[in-house]
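The letter at position 18 of the sequence shown is residue 265 when you use the numbering used here, and the numbering goes up by one with no holes.
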Amino acid sequence: MSKLICSAINCLSNIDGLCTAKTIHINGGLNKKTYCETFSNRTLKSALASMTNINLVGEIRQAFNKDNIVMNPNILCRASNCNYNMKGQCVALNVQIYGATCNNNQCTQCETFQ
Ligand code: SF4
Ligand code: SF4
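Okay, here's the thing in structure tokens:
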């Protein structure tokens with residue numbers, strides 16, 4: 248499973264640069280432009296609605312093991328022109344998602360695209 252770091256701090260699933268989603272969907276690929284479809288703007292309503300896509304096991308493990316991050320989402324990806332895409336599954340060891348100033352999924356970006 249890929250290790251994922253994400254700078255989209257406005258995303259509901261982002262805690263301290265880590266993604267707490269169980270599964271994320273990356274889309275795009277045209278002109279190397281990708282985005283995280285799972286991005287959801289952080290509001291109280293969206294927090295409650297997203298309870299089913301939280302990686303609780305990962306979160307609990309991490310709470311007891313902060314030096315060794317084990318919380319990583321399953322990454323499904325539609326960017327079929329990326330070298331790391333194996334039949335819709337991301338196989339990169341380390342994935343970085345950019346989205347520091349994002350308030351919507353279209354301005355996020357998979358920096359690991361190759
Ligand atoms: S933008 Fe995507 S990868 Fe980043 S925290 Fe949100 S769901 Fe996870
Ligand atoms: S590295 Fe490639 S396959 Fe993995 S999420 Fe990014 S664009 Fe998709």
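The beta carbon of each residue, even a glycine, is placed where N, CA and C say it ideally should be.
#### Entry: Minimum C-alpha distance to T299 - residue among Q353, I271, A347, N278
Here residue 299 refers to the residue found at position 52 when the sequence shown is read from its first residue. When the alpha-carbon of T299 is set against those of Q353, I271, A347, N278, the nearest one is in I271.
### Task
Report back the beta-carbon spacing between R204 and N274 to the nearest angstrom; my notes put them in contact at under 8 Å.
Missing from the structure shown is residue 204; the chain here goes from 248 to 361 and no further.
### Query
Can M248 and N321 be called in contact, C-beta distance under 8 Å?
As a working mapping, residue 248 is identified with position 1 in the sequence shown. As a working mapping, residue 321 is identified with position 74 in the sequence shown. Contact flag set, yes.
### Query
Near Q343, what residues of its chain come up, given a Cβ to Cβ distance below 7 Å and the 5 sequence neighbours on each side ignored?
Position 96 of the sequence shown, counted from the first residue, corresponds to residue 343. So the list reads I252, E358, T359, once near-sequence residues are dropped.
### Under the three-state DSSP convention, the category N319 falls into
For the purposes of this step, residue 319 is identified with residue 72 of the sequence shown, where counting begins at 1. The answer is coil: DSSP assigns N319 none of H, G, I, E or B.
#### Entry: Residue burial classification, N350 (beta-carbon count within 10 angstroms, cutoff 16)
Counted from its first residue, the sequence shown places residue 350 at position 103. Residue burial annotation: N350 is exposed, with fewer than 16 other C-beta atoms found within 10 angstroms of its C-beta.
### Query
What do you reckon, is the C-beta of N332 under 7 Å from a heavy atom of ligand 2?
Taking the first residue of the sequence shown as position 1, residue 332 is located at position 85. In this structure, ligand 2 has a non-hydrogen atom nearer than 7 Å to the beta-carbon of N332.
### Message
Suppose you measure from the CA of T355 to the CA of M318; what does that come to, to the nearest Å?
### Response
If you number the sequence shown from 1, residue 355 lands on position 108. If you number the sequence shown from 1, residue 318 lands on position 71. If you draw a straight line from the Cα of T355 to the Cα of M318, it is about 20 Å long.
### Task
Express the C-alpha separation of E284 and C337 in angstroms, rounding to a whole number.
As a working mapping, residue 337 is identified with position 90 in the sequence shown. As a working mapping, residue 284 is identified with position 37 in the sequence shown. About 14 Å.
### Message
For a test of the three-state rule: what should DSSP assign to T270, helix, strand or coil?
### Response
Stepping through the sequence shown from its first residue, residue 270 is reached at position 23. Strand, per DSSP.
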